[in-house]
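Below: one structure, written as structure tokens.
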Amino acid sequence: MARRYLLEFEKPLVELEQQIEQIRELARDSEVDVSQQLLQLETLAARRREEIFQALTPAEKIQVARHPHRPSTLDFIQMFCDDWVELHGDRRGGDDQALVGGIGRIGERPVLLIGHQKGRDTKENVARNFGMATPGGYRKALRLMDHADRFRLPILTFIDTPGAYAGLLAEEQGQGEAIAVNLREMFRLRVPVIATVIGEGGSGGALGIGVADRLLMFEHSVYTVASPEACASILWRDAAKAPEAAAALKITGPDLLSLGVVDEVLPEPAGGNNWAPLQAGEVLREAIERHLDELRGLSINQLRESRYRKFRAMGRVLDPSSSETGLPA
Amino acid sequence: MSLFDWFADRRKGQFVGKVSQETEESDGLWGKCPECSQVVYRKDLQANASVCNSCGHHHRINSEERIALIADQGSFKPLDRNLSPTDPLGFKDRRTYADRLRESQASTGMKDGVVTGLCQIENMPMAMAVMDFRFMGGSMGSVVGEKITRLVERATAQRLPLLIICASGGARMQEGMLSLMQMAKISGALERHREAELLYMPLLTHPTTGGVTASFAMLGDLILAEPKALIGFAGRRVIEQTLREKLPDNFQTAEYLQEHGFVDTIVPRTQLRKTLASLLRLHGCKAKKAAGR
Ligand SMILES: [Zn+2]
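Just so you know, the protein sequences line up as chains A and B, in that order. Just so you know, our numbering puts the end of the first sequence at 325, numbered straight through with nothing missing. Just so you know, our numbering puts the end of the second sequence at 1028, numbered straight through with nothing missing.
In structure tokens form, the structure reads like this:
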């Protein structure tokens, strides 16, 4: 890795890495054997990295989730998809660049893939609107999902957005309606749907492609009802309290697993997915194929019924009439 | 986030869209309309569905008053009245969620922010949910989601038309992702109601924003709204920040949404019961002779 984009908590690693680099250079210019020293230092660095990434706070996970080099939807598609053909347009006059989709093959299986798409730098991000989709983006997603439904292609969605775009035109074109219709229509789909939070899942904009039979989440991905920044400025009346809000909102994979929102948390390499993207791609491909295999046996009715039951069970209430908390009767 | 507007304006001691303060302070025979400053006799205001006689301003009313205005007298049968909220995240900001809940429960006498039940309009049976903005800004947590979902399921099972009166700042942050998932849960139940070819009408009242707008508020076969109600997905402040340009005066009002094709009809509150009855009849709903179960 030449120039890296460093997160605050990664700084303790920098010194070690610089030492390793210096020794390498030294070895290049002389005949001295430094392999022992190198191995020692590299082991130490790997261990430190692991320690740091195992102890990330929710606020730090957000930084990993938003890392500019974290593999994006199109990166993953490049990594594990053959015969990929990107499909454009909502058929209503637009082609949102923040929500991409197309068909391709994973192993033997043709599938439809859609996801939010962020950029890697400012220029790309402007073109991608920072991964914030417009109503047209959600309508494009639905058009593609309907296509998949007609041709019986399993649907894979990749969630990576700070939220749906908040703007004048988005309101005029019905951002709320576009997301709402997706929520309803995704319950009708007759094909398996697997959603994965690959980066940040921001509120309704994430859920708009998130009604699925399986919801997977990477270890350092986050999924939030409201951005911790917004939550902090509303409830704490102080945007600087975002780290506290991030912890209170329970936005990490393990938290959401225990709340029954997420089905599986996918492990990331120490250093996060940006550190070893190919490894991340392999983890995701394996998980997707495994879940698709599990879902393959279900009839259309079973599939839709279990999707309904999955969301039906979400939430915690106190119901004296059933003397149970949590699940409805 | 549109809840931001609500909290921000509460801080300033006023509310977006000038909702009357005097209806909330219940003492005094006389009050002043916040819109036209006309002094009104409270009894007159109530007799006119809390709509100002001189300017037509729709004052905020609570769920109980809503039900009285819409349902045939004595026909409303509440459901799941005892469902109450938990604190699944153990949430604490400057105050604990448990504390905020207790306060809202004490001031409203409700367990959470929605009343659901079966009723009749001109003897036509209907399922109805009424959100109450007084309860934590009408925010949607697990109880709101569960009660509405149960109501939709019952409406589907008993083949009833459904009315949901929306008034909400969006998802309830204190229940985290469980709140967000209520959007999907209710939308799933509505899909089945729709599949059964039954009529669903949301009525959007002031304000209907955030996660409610991005789910059941926008899923009606027919979408009704009250005059001048604030309806939107994102908060005005957020949009102004991203845009740095002036927003139209009627931005995110019921009229603006109708202009852009997202509201079927704007119904003044004084006409609501009559309009609902007409719509039910036009969709083949039949009056029952005896009172419903
Ligand atoms: Zn007035």
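Just so it is clear, CB atoms sit at the ideal spot from N, CA and C, and this is done for glycine as well. Fair warning: this is a prediction, and the values are worked out from it, not measured in the lab.
Rounded C-beta distance between residue i and residue j? I'm assuming under 8 Å.
i, j, result
"G873(B)", "M863(B)", "Contact doesn't hold; Cβ gap of about 16 Å is too wide."
"V849(B)", "I883(B)", "6 Å"
"R186(A)", "I296(A)", "5 Å"
"T851(B)", "P813(B)", "7 Å"
"V96(A)", "E82(A)", "6 Å"
"T1005(B)", "N783(B)", "6 Å"
"A919(B)", "V207(A)", "5 Å"
"G197(A)", "F49(A)", "With 8 Å as the limit, G197(A) and F49(A) do not qualify as a contact, their Cβ atoms being about 20 Å apart."
"R971(B)", "Q987(B)", "7 Å"
"A176(A)", "G256(A)", "Not a contact, Cβ separation roughly 23 Å."
"T53(A)", "P239(A)", "7 Å"
"D807(B)", "Q855(B)", "5 Å"
"V261(A)", "M213(A)", "6 Å"
"L70(A)", "L108(A)", "Actually they are not in contact, since the Cβ atoms of L70(A) and L108(A) sit about 15 Å apart, beyond 8 Å."
Please decide whether residue i counts as near chain C, where near means a Cβ-Cβ distance under 9 Å.
i, result
"F307(A)", "Among the protein chains in the structure shown, which are A and B, there is no chain C."
Can you list, in chain order, the residues of its chain with a C-beta nearer than 8 Å to that of residue i? Leave out the 5 residues immediately preceding and following it.
i, result
"S877(B)", "P820, T821, P823, E910, L913, S914 and Q917"
"D86(A)", "D92, G132, G133, R135, K136 and R139"
"S761(B)", "Residue confidence for S761(B) is low, a pLDDT of 48 falling below 50, so the modelled location carries little weight; the figure read from the coordinates is stated next. Here the set comprises nothing."
"A51(A)", "none"
"A41(A)", "L9, L12, E13 and I16"
"S302(A)", "D209 and L294"
"R88(A)", "G132 and R135"
Near residue i, what residues of its chain come up, given a Cβ to Cβ distance below 6 Å and the 5 sequence neighbours on each side ignored?
i, result
"P273(A)", "P67"
"R1028(B)", "In this prediction, R1028(B) has a pLDDT of 46, which is less than 50 and means its spatial position is unreliable; what the coordinates show is noted afterwards. Cβ within range, chain order: n/a, list empty."
"G787(B)", "First, the amino acid is wrong: residue 787(B) is Cys here, not Gly. So the qualifying residues of the chain are C768."
"P64(A)", "Y1 and R116"
"Q756(B)", "Legend: pLDDT at Q756(B) = 43, less than 50; position of this residue unreliable, value from coordinates given subsequently. There are no such residues."
"G201(A)", "T157, G159 and A160"
"L804(B)", "A784"
"W271(A)", "P265"
"R1008(B)", "I805"
"N193(A)", "In the sequence on display, residue 193(A) carries Val and not Asn. I155, M213, S217 and Y219."
"F307(A)", "none"
"Q773(B)", "S789"
With distances taken between CB atoms, is the gap from residue i to residue j smaller than 9 Å?
i, j, result
"M859(B)", "R907(B)", "no"
"L933(B)", "A890(B)", "yes"
"S199(A)", "V221(A)", "yes"
"G111(A)", "D156(A)", "yes"
"L291(A)", "L299(A)", "yes"
"A952(B)", "I966(B)", "yes"
"D847(B)", "K237(A)", "no"
"T248(A)", "V218(A)", "yes"
"H995(B)", "E120(A)", "no"
"P224(A)", "L203(A)", "no"
"V879(B)", "G905(B)", "no"
"L818(B)", "D315(A)", "yes"
"L925(B)", "L957(B)", "no"
"A1037(B)", "A1022(B)", "Since the first and last residues shown for chain B are 736 and 1028, residue 1037(B) lies out of range."
"G195(A)", "G127(A)", "yes"
"L978(B)", "G163(A)", "yes"
If you drop the 5 nearest sequence neighbours on each side, which residues of the same chain put their C-beta closer than 7 Å to that of residue i?
i, result
"E38(A)", "I16"
"E759(B)", "Note that E759(B) has pLDDT 44, beneath the 50 cutoff, so the model's placement of it is unreliable and the number below is only indicative. If we look at E759(B) and ignore the five residues flanking it on each side, it has no Cβ neighbours."
"I284(A)", "I102, L152 and I190"
"R44(A)", "P8, L9 and L12"
"H928(B)", "V887, A890, T891, L897 and Y935"
"M845(B)", "D867 and F870"
"E770(B)", "K753, C787, C790 and H792"
From the DSSP output, read off the bridge partner residues of residue i.
i, result
"R210(A)", "I190(A)"
"V313(A)", "P820(B)"
"G852(B)", "P813(B) and M863(B)"
"L152(A)", "L109(A) and I190(A)"
"V81(A)", "I99(A)"
"T248(A)", "V218(A)"
"I900(B)", "V865(B) and L938(B)"
"I175(A)", "Answer is none; I175(A) lacks a bridge partner."
"H793(B)", "V786(B)"
"G967(B)", "T944(B)"
"Y776(B)", "W765(B)"
"G198(A)", "T220(A)"
"M875(B)", "A906(B)"
"A960(B)", "L939(B) and I1001(B)"
Exercise answer, beta-carbon shell around ligand 1 heavy atoms below 6 Å
C768(B), E770(B), C771(B), Q773(B), C787(B), S789(B), C790(B) and H792(B)
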